[in-house]
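Using the numbering used here, the letters of the sequence shown map in sequence onto residues 150 to 270. Every residue gets a Cβ at the ideal spot worked out from N, C-alpha and C, and that includes glycine. Below: one structure, written as structure tokens.
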Amino acid sequence: MCAEVSRRGSLRWGCPGLPLCVAPEEDEGKRRWERNKIAAAKCRNKKKEKTECLQKESEKLESVNAELKAQIEELKNEKQHLIYMLNLHRPMCIVRAQNGRTPEDERNLFIQQIKEGTLQS
Numbered sequence: 150m151c152a153e154v155s156r157r158g159s160l161r162w163g164c165p166g167l168p169l170c171v172a173p174e175e176d177e178g179k180r181r182w183e184r185n186k187i188a189a190a191k192c193r194n195k196k197k198e199k200t201e202c203l204q205k206e207s208e209k210l211e212s213v214n215a216e217l218k219a220q221i222e223e224l225k226n227e228k229q230h231l232i233y234m235l236n237l238h239r240p241m242c243i244v245r246a247q248n249g250r251t252p253e254d255e256r257n258l259f260i261q262q263i264k265e266g267t268l269q270s
């Protein structure tokens with residue numbers, strides 16, 4: 150058997166005129182390169198899947214956020230309408246509570262209860 154130097158500078162074993170065998174060091178390097186290539190592809194695929202998952206989650210959260218903002222707007226409009234209706238009714242209200250409070254007193258109590266969250270039906 151004869152040894153030849155390959156293009157990379159490593160030895161290749163074989164006989165002149167016959168196909169050359171790869172030296173054991175070069176064979177190990179090739180196997181390592183193949184394993185690295187597979188691992189890199191696996192890593193890229195995993196990263197791509199994670200990115201896609203995060204993108205879907207982001208789109209879902211943006212959708213929920215938009216729905217919540219729309220709901221907030223509706224509730225603000227409803228609140229404004231109720232305040233408007235209450236203010237329209239106040240001047241016409243002639244009923245006094247049994248405890249002698251005026252409609253203005255009742256209104257202030259009502260607003261205070263709303264703020265405190267202690268409103269009772």
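May I ask which residues mark the beginning and end of the alpha helix (DSSP H) holding Met146?
-> In the structure as shown, the chain starts at 150 and stops at 270, and residue 146 therefore has no counterpart that could be examined.
Put Arg250 into one of helix, strand or coil per three-state DSSP.
-> coil
Hey, how far is the Cα of Asn194 from the Cα of Ala215?
-> 32 Å
Look at the alpha carbon of Glu201 and the alpha carbon of Lys218, and state the distance between them as a whole number of angstroms.
-> 26 Å
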